[in-house]
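With the UniProt record's numbering, the residue at position 84 of the sequence shown is 84, and numbering never jumps.
Below is one structure; the comments refer to it alone.
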Amino acid sequence: MTRVLVVDDEPQIVRALSLNLRARDYDVASAPDGNGALRLAVDYHPDVVILDLGLPDIDGSEVIRGLRGWSRVPIIVLSARHASEEKVGALDVGADDYVTKPFGMAELIARLRAAVRRAAPADDPGSAFVDAGTFSVDLAAKRVVRDGADVRLTPTEWHVLEILVRNPGRLVSQQHLLHEVWGPAYAAETHYLRVYLAQLRRKLEEVPSRPRHLVTEPGMGYRFEP
Numbered sequence: 001m002t003r004v005l006v007v008d009d010e011p012q013i014v015r016a017l018s019l020n021l022r023a024r025d026y027d028v029a030s031a032p033d034g035n036g037a038l039r040l041a042v043d044y045h046p047d048v049v050i051l052d053l054g055l056p057d058i059d060g061s062e063v064i065r066g067l068r069g070w071s072r073v074p075i076i077v078l079s080a081r082h083a084s085e086e087k088v089g090a091l092d093v094g095a096d097d098y099v100t101k102p103f104g105m106a107e108l109i110a111r112l113r114a115a116v117r118r119a120a121p122a123d124d125p126g127s128a129f130v131d132a133g134t135f136s137v138d139l140a141a142k143r144v145v146r147d148g149a150d151v152r153l154t155p156t157e158w159h160v161l162e163i164l165v166r167n168p169g170r171l172v173s174q175q176h177l178l179h180e181v182w183g184p185a186y187a188a189e190t191h192y193l194r195v196y197l198a199q200l201r202r203k204l205e206e207v208p209s210r211p212r213h214l215v216t217e218p219g220m221g222y223r224f225e226p
């Protein structure tokens, strides 16, 4: 049974989540504050965490940092904070996804299922090869194949693609990509990403204008969907 840790100080949200998740055969534990969540996570070993950022004792970002100190558990932020900088900040410290309140229960549970499905040990040998259906990526050989033929990528295109492919299903912020590929001085040059993602889509997507694998999350970042 998949274990879900819900961290929120709003009893009605905890109650609604608990009822809906248990009805779908999830095991649920909850904590009303950040410090309690960190203590509970040690004993409960959740398979996924649903986390509010606005907690009464410490900010949810501190909870993410605390969990990331020892765990790769998927973390889905569920927050009323809509500002892009709040979303980017949570993703940069280690969250896997971000859902704003008010939220649709069906969408949240679908994202939870996807996060659990994608979670895998970092040393999984299968993670070096990714098959996206229409194209495949061999991370060890730095090779991309589409329709049986090698796809020629520039070093920058490869670097962008590699970061996304190594985080399947996870939202990678614009700032993280810019920092990793071009360096900290380029944190505001978001047009670089638009140009290179457009080039990658032309080379890899069946319909570049409607990408299935290299997905944009407006104002936040990009996601690779296998």
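Where a beta carbon is used, it is the ideal one built from N, C-alpha and C, also for glycine.
Answer yes or no: do I58 and A95 have a C-beta to C-beta separation smaller than 8 Å?
no
Can you tell me whether M220 is helix, strand or coil according to DSSP?
coil
Assuming L139 contacts V160 (C-beta within less than 8 Å), just tell me the rounded distance between them.
With a Cβ gap of about 13 Å, L139 and V160 do not count as contacting.
Confirm, please, whether the CB-CB distance from P46 to V77 is below 8 Å.
no
Who are the near neighbours of residue 227 in its chain, counting only those whose CB is closer than 8 Å to its CB and skipping five residues on each side?
Since the first residue of the chain shown is 1 and the last is 226, residue 227 is not available in this structure.
Using 10 angstroms around the beta-carbon of A90, count the other beta-carbons present and answer buried if the total reaches 16, otherwise exposed.
buried
Helix, strand or coil at D43 according to DSSP, with G and I counted as helix:
helix
4-residue-minimum alpha helix (DSSP H) runs that sit fully inside the UniProt domain "Response regulatory" (3–116), ordered along the chain:
11–23, 34–44, 60–68, 84–93
Segments assigned beta strand (DSSP E), at least 3 residues, entirely inside the segment 123–169:
129–131, 135–138, 143–146
Using the Cα positions of residue 233 and G169, report the straight-line distance between them to the nearest angstrom.
Residue 233 cannot be examined here, being either before or after the span of the chain that is shown, 1 to 226.
Roughly how far, in whole angstroms, is the beta-carbon of A187 from the beta-carbon of Q175, given that I think they are within contact range, below 8 Å?
6 Å
Nearest residue (CA-CA) to L17, options S84, D52, T216, G34
D52
Mapping the DSSP letters down to three states, classify L171 as helix, strand or coil.
coil
Under DSSP, the alpha helix (DSSP H) around V207 begins and ends at which residues?
Unbroken run through V207: none, as it is neither H nor E.
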